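Remarks on the structure that follows.
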Amino acid sequence: MTAAVSTPKMTAPAKRTRKRILTGDRPTGPLHVGNYVGTLANRARLQDEYDTFLLVADHHMLTTRLTALAEIEANIRDDVLDNLAAGVDPEKVTYVLQSLVPQIPELHLYFSMLVSVPRVQRIPTLKDQLRDLGLREPTYGLLGYPVLQAADILCVKGDLVPVGKDQESHVELTREIARRFNELFAPIFPEPQALLPDVGLLPGTDGREKMGKSLDNAIYLSDDPRTVERKVMGMYTDPKRIRATDPGTVEGNPVFVYHDTFNTDRAEVEDLRRRYREGRVGDVEVKRRLLAALQAFLAPIRERRAEYAARPRLVDEILAAGSERARREAAQTLHEVRAAMKLDYFGR
Ligand code: ATP
Ligand code: MG
C-alpha cells in the first residue's frame, strides 16, 4: 500500500491576542464627511486597541450598481485612499478586497440557509434602497446583501463592527445568524456588537435624512476647497425663513447639525444658534462660519491624501497583502465551519 494522499496542511493563523473589528465600505464612490462621522472616526480611534480588518466590499456594489461596474476599479482605489487620508493606518489595519477572499461567498451560501425570506424582507435598509433606486422588487442578490455582510464579518470572527446608524439592523442579523449556526452545529462564531457613533446619521446637503455616496448630496473628503464652498453655500436650511430677521428653526436644520458635528468652537455655535432663533443672523454668515470649520476639519485629511496619492503602487500593495492575510484567516474559519456542518468530505 502506498501512503494515503496527504491533505494540504493548514497553516494556522497566529493566536488571537486582541479583539477584532470588521468594518467596510461599498466602493460606490468617494467617501464623504457622513462616512467619516459614521465609521471612519471610530476606525482611526480604535486601530491601536483592536485588530482591525477593513473590507472594500466590491461584491456588495453588484447588488445596486450592476450597470456601473466600469467605475468599480477606480472606486476601490479611491476608497482606500480616503481611508488612508482619514488616518486609518495601513501599518495597523488590514485592508482587504472582498472579491480576493473566496471564502466569503462560500460562507454566504451556508448562511443563506439559516435565514428566512420574510426576515430579510423586513430589514429597513431594503425599503430605503428600493425607494432610492426606484425599484418595485429586489433581486435575489439585493435581498441577500445583509446575509453577505454577515459572512464578511464572521469569516474573520469579528467582535465589533463600527457602522453608521443605517447599518445597525445588519449587525443584528449577523448576531442572529451566528447564534443560529452555533446552536445548530458548533459554537464557532462570536456574536458581534455594532459600534454606533454618538451622533445619528449625518443629513445630506439637500436636507434629506442621510448623506449618501449614491444620493448626490454629499461633501466628499476629497473635495477641493472651492467645491466645498459651493456645496456649503448652496445648502438646504430652514425653508420657511425668507429674511435674516425672520426667526429660524435650528432643530433638524442640516446647517446646524453640521455645526454641531464639525465646528470645534462651541461658543460660536451657541451664539449662532441663539441669534438664528431670534432672527439676528443671516444664513450667509451661518454658512460662512460652517465653511471655515469644515475647511479646517478637511485640511489635514487633504494633506495626508496627497502624500499617499503620490505613491502610485501603494494602494495595490496594501490591498494585496491585507487580502492575503484575510484569506488565511477565512480559510481557517471555513475549515472549522465545514467540519462542524459535516461538509469536510473529500479533504475539504
Ligand atoms: P451608498 O449610498 O452607496 O450606500 P453610503 O454613503 O451609504 O453609500 P456605505 O459604503 O454604504 O456608504 O457605508 C459606509 C459606512 O458609512 C457605513 O458604516 C454606513 O453606516 C456609514 N454611513 C453612510 N452614510 C452615513 C451618514 N450619512 N451618516 C453616518 N454614517 C453613514
Ligand atoms: Mg449605504
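Read left to right, the sequence shown gives residues 72 to 419 (my numbering).
Even glycine gets a Cβ: it sits at the ideal position worked out from N, Cα and C.
The structure presented is a predicted model; accordingly, all values stated were derived computationally and were not measured.
Starting from residue i, trace the beta strand (DSSP E) in both directions and tell me its first and last residue.
i	result
Y291	Neither: Y291 is in no beta strand (DSSP E) and is coded neither H nor E.
T94	91-96
P274	Careful: P274 lies outside any beta strand (DSSP E) and carries neither H nor E.
L102	Looking at the DSSP string, L102 is not in any beta strand (DSSP E), and its letter there is neither H nor E.
According to DSSP, is residue i helix, strand or coil?
i	result
L126	strand
A265	strand
T165	strand
P318	coil
L414	coil
P189	helix
A257	coil
G283	coil
E178	Strictly speaking, residue 178 in this sequence is Leu, with Glu absent from that position. Three-state result, L178: helix.
R345	helix
Within the continuous alpha helix (DSSP H) that includes residue i, where are the two ends?
i	result
G212	211-214
L133	Where L133 is concerned, there is no enclosing alpha helix (DSSP H), given that its DSSP letter is neither H nor E.
I143	143-156
Y20	Outside the displayed range of the chain (72 to 419) lies residue 20, so it cannot be described from this structure.
With a 10 Å radius around its C-beta and 16 neighbouring C-beta atoms as the bar for buried, classify residue i as buried or exposed.
i	result
S187	exposed
L369	buried
T138	exposed
I313	exposed
Q220	buried
K198	exposed
T73	Annotation note: pLDDT 45 at T73 (below 50); position unreliable, coordinate value reported separately. That one is exposed.
G205	exposed
Y211	exposed
R360	buried
L228	First, the amino acid is wrong: residue 228 is Lys here, not Leu. Looking at its Cβ environment, which holds 16 or more other Cβ atoms inside 10 Å, K228 is buried.
V355	exposed
G275	buried
L140	exposed
P263	buried
Excluding the 5 residues flanking residue i on each side, which residues of the same chain have their C-beta closer than 7 Å to its C-beta?
i	result
Y107	A157, L292
A265	V232, V234, E239, V242
R348	P318, G319, V321
D309	G319, T320, N324
G95	L125, L126, V127, A128, D223
If you drop the 5 nearest sequence neighbours on each side, which residues of the same chain put their C-beta closer than 8 Å to that of residue i?
i	result
K284	R97, T99, G100, P101, L102, H103, N106
H130	Q169, S170, I175, P176, L219
R409	D415, R419
R114	I92, T94, T123, L125, N154, A157, V159, V164, P233
Spatial neighbours of residue i within its chain, please: CB distance less than 6 Å, with the 5 preceding and 5 following residues excluded, ordered by chain position.
i	result
L390	Y166, L168
L273	G105, V108, M282
A257	A411
Does the ligand PLP have a heavy atom nearer than 6 Å to the CB of residue i?
i	result
D277	What this structure holds is the ligand ATP and the ligand MG, not the ligand PLP.
Ranges of the alpha helix (DSSP H) found wholly within the region 209-250, counting only runs of at least 4: 211-214, 216-226
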